[in-house]
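One structure is given below, encoded as structure tokens.
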Amino acid sequence: GEFPTVAFKACTQQQSRNLKQSRLPVATVPDDVLAGGACVGADCLLRVLANYSRSGEVKTTITVGVVGEWGSAGAGDGFWGPPAKALPPPGYPNVGKSSLINSLKRSRACGVGAAPGVTRCLQAVQLDRHIQLLDCPGVVMATGAPPAAAPLRGALAPQRLRDPLSPAAAILRRCPPKQVGPP
Numbered sequence: 003g004e005f006p007t008v009a010f011k012a013c014t015q016q017q018s019r020n021l022k023q024s025r026l027p028v029a030t031v032p033d034d035v036l037a038g039g040a041c042v043g044a045d046c047l048l049r050v051l052a053n054y055s056r057s058g059e060v061k062t063t064i065t066v067g068v069v070g071e072w073g074s075a076g077a078g079d080g081f082w083g084p085p086a087k088a089l090p091p092p093g094y095p096n097v098g099k100s101s102l103i104n105s106l107k108r109s110r111a112c113g114v115g116a117a118p119g120v121t122r123c124l125q126a127v128q129l130d131r132h133i134q135l136l137d138c139p140g141v142v143m144a145t146g147a148p149p150a151a152a153p154l155r156g157a158l159a160p161q162r163l164r165d166p167l168s169p170a171a172a173i174l175r176r177c178p179p180k181q182v183g184p185p
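Using my numbering, the letters of the sequence shown map in sequence onto residues 3 to 185.
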């Protein structure tokens, strides 16, 4: 089936409360707002969740799992499926699952960090009376890919690598030569 798609940028501010949310429509947000620390797109995503929590004219309680996906728009974005009936499947590490929840809650309900592994267990965050969000740790399944692929998927912190050159070389092979060559 098809799922709604919402343009969203998570808040990158460091304070613990009153995280900024831009109220401008995503299509008209100026570049300086997108480059800043405020969340963009929260109002639209909250409306989608509120609509999911309606059953006819009656408001019901829903639980939604946040699953980070490479191949969606990237870090700071989440894939939202239909209301979860069971535990959500895990997502890739460090794609912004916890940041998305914090941005919607407008406070630091979930720990976040630049290195993978900050979220260590499933956490339920009550957004309002009718919407509960589930944050889960990032998991990368074994794929039989070469060992250099694990750091590229966020499965290993760069500081823990014995050989940082192999993943770096893999990244450079994916870049167009004119972007990595001399100016």
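Using N, Cα and C, we set each Cβ at its ideal position, and we do this for glycine too.
Whole-angstrom distance between residue j and residue i, CA atom to CA atom
i	j	result
Phe5	Gln15	29 Å
Arg122	Leu135	16 Å
Val127	Ser55	16 Å
Ser24	Pro178	35 Å
Leu36	Leu26	11 Å
Arg176	Pro32	31 Å
Arg19	Leu167	40 Å
Gly119	Asp165	20 Å
Ala116	Ile64	30 Å
Asn96	Arg49	26 Å
Gly38	Gln161	28 Å
Arg131	Thr30	31 Å
Ser57	Gln125	26 Å
Asn53	Pro184	52 Å
Asp34	Val28	13 Å
Val68	Leu102	8 Å
Ala170	Thr7	32 Å
Ser74	Thr62	Because Ser74 carries a pLDDT of 36, less than 50, the predicted location of this residue cannot be relied on, and no value is offered for it.
Distance CB(residue i)-CB(residue j) smaller than 9 Å
i	j	result
Cys46	Ala9	yes
Gly140	Gly93	yes
Ile133	Val66	yes
Leu163	Leu51	no
Endpoints, the beta strand (DSSP E) within which residue i is located
i	result
Asp137	Ile133 to Asp137
Val69	Ile64 to Val69
Same chain only: Cβ atoms within 7 Å of residue i, ignoring 5 sequence neighbours per side
i	result
Leu21	Cys13, Gln15, Cys41, Asn104, Ser105, Arg108 and Ser109
Gln181	none
Same chain, Cβ closer than 6 Å to residue i, five either side skipped, listed in chain order
i	result
Ser100	Cys112, Val114, Thr121 and Asp137
Residue i - partner residues in DSSP beta bridges
i	result
Ala126	Leu136
Lys99	Lys99 is not bridged to any residue.
Ser24	Val42
Ser56	Residue identity differs from the one stated: residue 56 is Arg in this sequence, not Ser. DSSP, once it has assigned bridges, lists Lys61 as partnering Arg56.
Lys11	Val42
Gly93	Gly140
Ser109	Arg19
Chain-order list of residues whose beta-carbon lies under 8 Å from that of residue i (same chain, five-residue window excluded)
i	result
Ala159	Ala117, Pro118 and Gly119
Endpoints, the alpha helix (DSSP H) within which residue i is located
i	result
Leu36	Asp33 to Ala37
Pro179	Pro179 to Val182
Ser18	Premise fails: Ser18 is in no alpha helix (DSSP H) and is neither H nor E.
Ala170	Leu167 to Arg176
Any non-hydrogen atom of the ligand NAP within 8 Å of residue i CB
i	result
Ala116	For the structure depicted, the ligand NAP is absent and the ligand set is empty, with no information on it obtainable.
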